[in-house]
Amino acid sequence: MGRALHDTERERRRLQAFLNSSPDLAYVFNLEHRFTYANRALLRMWGKTEEEALGRTCLELGYPDWHAAMHSREIEQVIATRRPIRGDVPFEGPLGRRMYDYIFVPQLGLDGEVEAIIGTTRDVTERSEHEDERARNESLLRMLVDELQHRTRNIMSVVRAMASRTLATSRDMADFSIRFDARLDALARAQSLLSRLGELDRVQFDVLLRAELSAHVDPAAHDDQIVLEGPAEVPLRSGTVQPLAMALHELATNAVKYGALRQQGGRLHVRWNLVGAGASEAASPRLRVDWQEHGVRDLPADPASIRGGGAGRELIERALPYQIGAKVDYGFAEDGLRCSILLAVSEQAVALAD
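See below:
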């Protein structure tokens, strides 16, 4: 008999040591919903000693009313059904707000009746945070895929229209290939600028202008011919970048092939500034861009007859108003092209206009 008692006590101490070494919470409720056992991890979470904790209910230990009531209902369910129940719940304690996964299991006596309810609880805060982060990432991925599909459809529409216009004004397929490739390059440059932006960033007009000019001429070699004048860092609306880039491409292409940058003594002056909206328009400022070429000799009587000029002019005069609501004034003076573009800019430009 003494040997059996000794073995039982040794097993009890071994079980106690095992439970106290576990990071999981282990505990026992009696049928009155009071704690009769709590391991070291649970006492540490409560910030209490055994004397302060045992014999008390969840409510008496400071659990919120809803939390204590929930566990009371679950204990009664385990007693009534003799089946385990599990769940997860947040808990605010000395360790801060943590998320826990728990299970209540009935302890049955020899008569088959429930004698106590044994519970274990595991801190799953990190797992929960990972799951939340994964859900956020999946949501972001879906949003990015939707945006990519939307942009791809838009770009394909632009490319299709661009191919059709270029083909209609090309002399032959070799001419079409050269001009279409150049327009694709302009489209790619605009997309490259957009792809490098953060969520709240905007492409700046002077950056876009210099990118298009640099694609056609060496600015250093034409330093005496090109004058750029206007405020730096004027932010563009994202939806205006691509159409405006294509318009600047057409202007630069024509200047290099037929205009001011083709001839000695020719000059290109690009001036831009922010102007207030009119009384009948939105209160936000607009960007006015003036593209002026001087010193162009031997302009034909009908400048629109310049090969390729018709498609480029159509893109500027028709596409910009249609696509981004810009106002365009396009025409020729005696010594070169004059083009003015007035378009809405990002709300971030308001500070620059003050």
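Under our numbering, the letters of the sequence shown match residues -9 to 344, in that order.
Using N, Cα and C, we set each Cβ at its ideal position, and we do this for glycine too.
Throw me the rounded Cβ distance for the Val260 and Leu305 pair, which I believe falls under 8 Å.
With a Cβ gap of about 18 Å, Val260 and Leu305 do not count as contacting.
Let me know the secondary structure DSSP gives Pro225 once reduced to three states.
strand
Suppose you measure from the CA of Asp175 to the CA of Val207; what does that come to, to the nearest Å?
14 Å
Looking at Arg278 and Leu332, is the spacing between their C-beta atoms short of 8 Å?
yes
Per-residue DSSP class, three states only, for Arg169:
helix
By a C-beta neighbour count over all protein chains shown, 10 Å radius and 16 as the cutoff for buried, is Met236 buried or exposed?
buried
Cutoff 8 Å; reference Glu40; Cβ partners in own chain excluding five residues on either side
Ala28, Leu33
Is the Cβ-Cβ distance between Val114 and Tyr90 less than 8 Å?
yes
Do Arg200 and Ser336 come within 8 Å of each other at the CB atom, strictly closer than that value?
no
Taking buried to mean at least 16 other C-beta atoms within 10 Å of its own C-beta, is Gly256 buried or exposed?
buried
Tell me, to the nearest whole angstrom, how far the beta carbon of Val18 is from that of Ile93; I am working on the premise that it is less than 8 Å.
Rounded, the Cβ-Cβ distance is 13 Å, inconsistent with contact.
Local conformation of Ser270 per DSSP, three classes
With a pLDDT of 44 at Ser270, under the threshold of 50, the modelled position of this residue cannot be trusted, and the question is left open.
Taking the Cβ atom as the reference point for each residue, do Pro275 and Val286 lie within a distance shorter than 8 Å?
no
Is the beta carbon of Ala59 sitting closer than 8 Å to the one on Leu51?
no
Between Ser167 and Asp196, what straight-line distance do the alpha-carbon atoms span, to the nearest angstrom?
29 Å
Please report how far the alpha carbon of Asp280 lies from the alpha carbon of Glu116, in whole angstroms.
58 Å
Val193 beta carbon less than 8 Å from that of Leu183
yes
Report, in whole angstroms, the separation of the C-beta atoms of Leu327 and Gly249, which I expect to be a contact under 8 Å.
6 Å
What do you get for Arg179, buried or exposed, if any count of 16 or more other CB atoms within 10 angstroms of its CB means buried?
buried
Is the beta carbon of Leu238 sitting closer than 8 Å to the one on Leu198?
yes
In the structure shown, what three-state DSSP assignment does Val253 receive?
The identity of residue 253 in the sequence shown is Gln, whereas the question assumes Val. Of the three classes helix, strand and coil, the one that applies to Gln253 here is coil, per DSSP.
Can you tell me the Cβ-Cβ gap for Arg96 and Arg72, rounded? I've got them flagged as a contact below 8 Å.
Reading the sequence as shown, one finds Pro at residue 96 and not Arg. That pair is a contact at about 5 Å.
So the candidates are Gly302, Asp325, Ala334, Ser330; which of them puts its Cα closest to the Cα of Ile314?
Ala334
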